[in-house]
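Per our numbering, the sequence shown starts with residue 511, numbered consecutively. Idealized CB from N, CA, C, for every residue including glycine.
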Amino acid sequence: MRTLPTLARPIATSVAITLAALLGAPAMAQDAPGRTIVTVQGDTGDLPAAHPEAATLYSGFGIDPEGDIAFTDAELETLGMVEVESNLPGTSDMVTYSGPLLTDVLTAAGAEGQPAMPMALDGYQVEIAWQDMVDHGPILATRADGAPLPIGGNGPTMVVFPVLEDSETYAMMQPLQVWAVFYIGTEAAE
């Protein structure tokens, strides 16, 4: 019987916990109004905090969701939907993604001016400077060509930068396009 290498076990366990938590209901339609699709670290103020049952999911990634803000698809839509035509790195297929500006999500979470640190379901995480977000307008996509981003595909959310005319700058932004985003860290609560 084959086993996972020692270092791969925590990652595989984290992914399994994440998928089990996120896929608990059949299909879990992206447009279910009360389902959290992304959690953002920030200054919660009067906003709803992340659900306590999510602690198991986040602990696998070393995240303490205490005081973090949970956003549903409907709440993200109230921030204003923006369409961006882009492609995934390594592909030439253009897709129309839609979702709120990443700066608007951070502002709503009380983290205006802070860098965003989106984390994917596989643990991949990058840091996006606030000024890069202001200058280049990435969105937190919830849909691709009008359809919800599926978990197990590129969802539940995805950071998408519009195609830039300056190919050198666009190439630098490509690694910052994170898909399967479920959590966005910031420096607001640190």
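Query                                                                                                        : Result
Assigned exposure category for E585 - 16 Cβ within 10 Å defines buried                                       : buried
Sequence-distant residues of the same chain with beta carbon closer than 6 Å to F581, five excluded per side : V548
Rounded straight-line distance, which links the Cα of V592 to that of A626                                   : 18 Å
DSSP three-state assignment for A621, whether helix, strand or coil                                          : coil
Where S602 falls, given that 16 or more other Cβ within 10 Å makes a residue buried                          : exposed
Range covered by the alpha helix (DSSP H) that runs through L650                                             : From DSSP, L650 is part of no alpha helix (DSSP H) but of the beta strand (DSSP E) over I649 to A651.
DSSP bridge partner residues for Y470 (one or two, in chain order)                                           : For the chain, the structure presents residues 511 to 700; residue 470 sits outside this window and is missing.
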